[in-house]
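All residue numbers for the sequence shown refer to the UniProt record's numbering, where the first residue is 1 and numbers rise by one.
From the three backbone atoms N, C-alpha and C, an ideal C-beta is built for every residue, glycine too.
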Amino acid sequence: FLGDIIGDLNSRRARIDSIETNKDSSVICCFVPLARTFGFVSDLRSLSQGRATYAMEFYRYEELPHSLGEQIAAGARIR
1 FLGDIIGDLN
11 SRRARIDSIE
21 TNKDSSVICC
31 FVPLARTFGF
41 VSDLRSLSQG
51 RATYAMEFYR
61 YEELPHSLGE
71 QIAAGARIR
């Protein structure tokens, strides 16, 4: 299920920093925008059949990608 989890992270605009794999487990270190983490716990449990856990900590603020900023601004103008 590691590939499925990595695929899910990629769909959330994650940047994978490292993947450490040993005999019994794997650890994925990545950076994910906070707005894209909502619902991740449920999806992670589904993808791993309840076996995976996660930890999260704030790293830093980053500038929004230009195209995404335009989408958000356009949505705000409509309201």
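According to the DSSP assignment, F40 belongs to the alpha helix (DSSP H) that extends over 40-47. Shortest Cα-Cα distance from S18 to any of R77, L2, S11 involves L2.
Taking the Cα of F31 as reference, the smallest distance to any Cα among G39, L9, A74, F38 is reached at L9.
DSSP, read as helix, strand or coil, puts E20 in strand. R77 sits in a helix when the DSSP states are folded into three classes.
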